[in-house]
Amino acid sequence: MQEIAKLVLAGTADGGALGEYAREYASVSPNHDKKDN
Amino acid sequence: MGVETALPLLMRMNSYSCALSNRTMDFQQRMFDFGVHRADPDAPAVPCVLVLTRAADREMDALSLELAAKGVRLARIDGDRCVDVPVSVVDDGRITVAGEPFAPRLMWLRHFDLTAIPAPAGHGEYVAGQWDAFLAWAVANPGWRLVNRPARELDRLTQLDGARRAGLTVPRTVLTTEPRRSLSALGDPSGGYVLKPLGSHWLEPEPGSLRSLFPRRVSRADLLAGGPEAGPALVQEFVESDHELRIFIVGDEVVSFRVDKRSAEDLWTDPESVRVTPVEAPGRLVAALRGLCASWGLGVAAFDLLVTEDDYVFLEVNVTGDWLWFEHRAGSASVSEAVLRYVTGAFSAADPAFSEGTG
Numbered sequence: 779m780q781e782i783a784k785l786v787l788a789g790t791a792d793g794g795a796l797g798e799y800a801r802e803y804a805s806v807s808p809n810h811d812k813k814d815n
Numbered sequence: 103m104g105v106e107t108a109l110p111l112l113m114r115m116n117s118y119s120c121a122l123s124n125r126t127m128d129f130q131q132r133m134f135d136f137g138v139h140r141a142d143p144d145a146p147a148v149p150c151v152l153v154l155t156r157a158a159d160r161e162m163d164a165l166s167l168e169l170a171a172k173g174v175r176l177a178r179i180d181g182d183r184c185v186d187v188p189v190s191v192v193d194d195g196r197i198t199v200a201g202e203p204f205a206p207r208l209m210w211l212r213h214f215d216l217t218a219i220p221a222p223a224g225h226g227e228y229v230a231g232q233w234d235a236f237l238a239w240a241v242a243n244p245g246w247r248l249v250n251r252p253a254r255e256l257d258r259l260t261q262l263d264g265a266r267r268a269g270l271t272v273p274r275t276v277l278t279t280e281p282r283r284s285l286s287a288l289g290d291p292s293g294g295y296v297l298k299p300l301g302s303h304w305l306e307p308e309p310g311s312l313r314s315l316f317p318r319r320v321s322r323a324d325l326l327a328g329g330p331e332a333g334p335a336l337v338q339e340f341v342e343s344d345h346e347l348r349i350f351i352v353g354d355e356v357v358s359f360r361v362d363k364r365s366a367e368d369l370w371t372d373p374e375s376v377r378v379t380p381v382e383a384p385g386r387l388v389a390a391l392r393g394l395c396a397s398w399g400l401g402v403a404a405f406d407l408l409v410t411e412d413d414y415v416f417l418e419v420n421v422t423g424d425w426l427w428f429e430h431r432a433g434s435a436s437v438s439e440a441v442l443r444y445v446t447g448a449f450s451a452a453d454p455a456f457s458e459g460t461g
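Chains as they are written, first to last, in my numbering: chain A, 779 to 815; chain B, 103 to 461.
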């Protein structure tokens, strides 16, 4: 898991479900629509 | 109109709503989906950081990924997913989440809201009551070091009282079920008044559907027109200011942003209009906020303050505040980096066997 996490952080995780996750993770921009309390 | 039927003024003046998905983006949880990681219920308990929140907590998604890269496990129970994720606690302090035994070294209660739980029809009161009791037990468990005191133990009146005692200026405030009665205590300030909730800034009438309770600027006429209400709210004097400060205290570190906005709800309703700029907060102010964090038991806190012509005015501290949006607007990653250092450090201190880099 540790090595895969490093790939995702480095933006070099590609292919298959992991690559799809990495792209989705990177595409979600932060917003404030949350319980900021 | 009687108390039973009158819609509280704060609800009448709020119309913003949003939906929060319960689809997890948490890296360590998604590893199960990918088959990279498999739970073994008979394996020794894995030391971890335990987070109680909801799926839309992007700050914890990022932390999960960063911690994974350092070899630190993050176990997560989301309020909006908890009915589908098996959880068991053994009386030696282990907790099994989704079939995997963990030994929490650090616990962070964030957005695990009872209102977010998608309980089966007819079981809502039971499910919410049981999870509420679980939360009470979890935060009182002496074996789990807490990042923060629970937000519900630090309501806004308690915050204002503590800030005042720490020497900070706070707005004159009345808690009341009859907003019109606040007028005699607050006088007739030139800028009018601010109405805000004592509790959360959000209602969640259905799991995943949120409705705002943002602070609203109101006039004397607004307050006079309202009658008694069924629940108490805060009425404050409106304080004229030049801008706001959002100051994050993360352990020993401080990250400050200047926030320029036209109204409180701009953060949600018109976020592109809000300017967020990294700034240096004055030492005297930071010292006071550090003192508050120490007395309130907060390891990670987000303070909101007004900057007036000659003073700083404490508004509130957000115990479960977010930071990614502020960083995004400011082009900074300072808070995320500080949180990662804080959590990694606290985990290491509680788990001497952990050596960063080796996993």
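Glycine residues also receive a C-beta, built at the ideal position from the N, C-alpha and C atoms.
Contact residues of the segment 790-809 of chain A toward chain B are 794, 795, 796, 799, 802, 803, 806, 807, 808, 809 (C-beta to C-beta distance below 9 Å). Nearest Cα to residue 378 (chain B) within the set B:390, B:397, B:347, B:354: B:347. Counting C-beta atoms within 10 angstroms of its own C-beta, residue 423 (chain B) has 16 or more neighbours from the protein chains shown and is therefore classed as buried. Contact check for residue 200 (chain B) and residue 156 (chain B): beta-carbon distance about 16 Å, past the 8 Å limit, so the pair fails to qualify. According to the DSSP secondary-structure assignment, residue 298 (chain B) is paired through a beta bridge with B:336. Taking the C-beta atoms as reference points, residue 237 (chain B) is found nearer than 8 Å to residue 154 (chain B). In this structure, residue 328 (chain B) places its C-beta atom within 8 Å of the C-beta atom of residue 282 (chain B).
According to the DSSP assignment, residue 178 (chain B) belongs to the beta strand (DSSP E) that extends over 175-180. As far as DSSP is concerned, residue 133 (chain B) takes part in no beta bridge. Nearest neighbour of residue 208 (chain B) by Cα position, chosen from B:319, B:345, B:381, B:244, turns out to be B:244. Assignment of residue 115 (chain B) by DSSP, reduced to helix, strand and coil, places it in the coil class.
Comparing alpha-carbon positions, the option among B:449, B:398, B:314, B:392 lying closest to residue 114 (chain B) turns out to be B:314. Annotation: residue 804 (chain A) to residue 322 (chain B) spans about 47 Å, alpha carbon to alpha carbon.
Selection B:451, B:393, B:420 evaluated against residue 268 (chain B) yields B:393 as nearest (Cα-Cα). Counting only runs that start and end inside the segment 257-285 of chain B, the alpha helix (DSSP H) elements of at least 4 residues fall at 258-267.
Only exposed fits residue 790 (chain A), as fewer than 16 other CB atoms lie within 10 angstroms of its CB. Here DSSP, grouped into helix, strand and coil, assigns residue 371 (chain B) to helix.
Residues are counted here when their Cβ sits less than 9 Å from a Cβ of chain A; for the segment 116-138 of chain B these are 120, 121, 122, 127, 129, 130, 132, 133, 135, 136, 137, 138, given in chain order. If you compare the alpha carbons of B:226, B:447, B:400, B:442 with that of residue 419 (chain B), the shortest gap goes to B:400.
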